[in-house]
Each structure stands twice: as structure tokens, then as C-alpha cells.
Amino acid sequence: MDSLPQFDQFKVHCDPHTAGLRWEKWIIRFERLMEAINVVSQTADSADQKTATDKRRLALLLHYAGTEVEDVFDTLP
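Sequential numbering from 1 applies to the sequence shown in full-length UniProt numbering.
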């Protein structure tokens, strides 16, 4: 992949009352993007390929979600 397509970041602190619903919608859009750029873990032929694809998907999720989400992720055990 030469360059990543544009995709809106998730704004964690935009409205705390709707964060859950906004996150669910954002994830659905993100999953569609992963399909479009062919980063789909179900197509992996081996466990090693699945692990590599899952790591790539996580890296892309954190990249696209933005620094607010990455900061939350970095605090998880």
C-alpha cells in the first residue's frame, strides 16, 4: 500500500454523552475501510498470517482513530 486513504479521526471528547454510539458508528466505518483496502483477518491462511493481519489492523485503528484514542489505549494494561 503506497499511501493510506483519508479517514476522519474519532473525537473522544466531542460529546461524552454520545461517545459510545459515536464509537460504534466509527468502528463500522473503520471495518468497511479495512474491507476496501483488503486488510481482513478472516482471509488469513495460517495463524501467523492472522496474527500479522491483526497487528496491522490494530496499528491502522490506532493511526486512524487519532491521538486521543491512542492515549486511552496506552493506559490499558
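All C-beta atoms in this analysis are idealised placements derived from N, C-alpha and C, irrespective of residue type, glycine included.
Within a 10 Å sphere around the beta-carbon of A65 sit 16 or more other beta-carbons, which makes this residue buried. In this structure the region 48 to 56 does not touch the region 24 to 31; the number of beta carbon pairs closer than 8 Å is below three.
Non-local beta-carbon contacts of L62 in its own chain, meaning distances under 7 Å to residues more than five positions away in sequence, involve V69, E70 and F73 in chain order. Bounds of the alpha helix (DSSP H) holding G20 are A19 to A36. Sorting L76, P77 and P5 by C-alpha distance to the C-alpha of M34 places P5 at the top.
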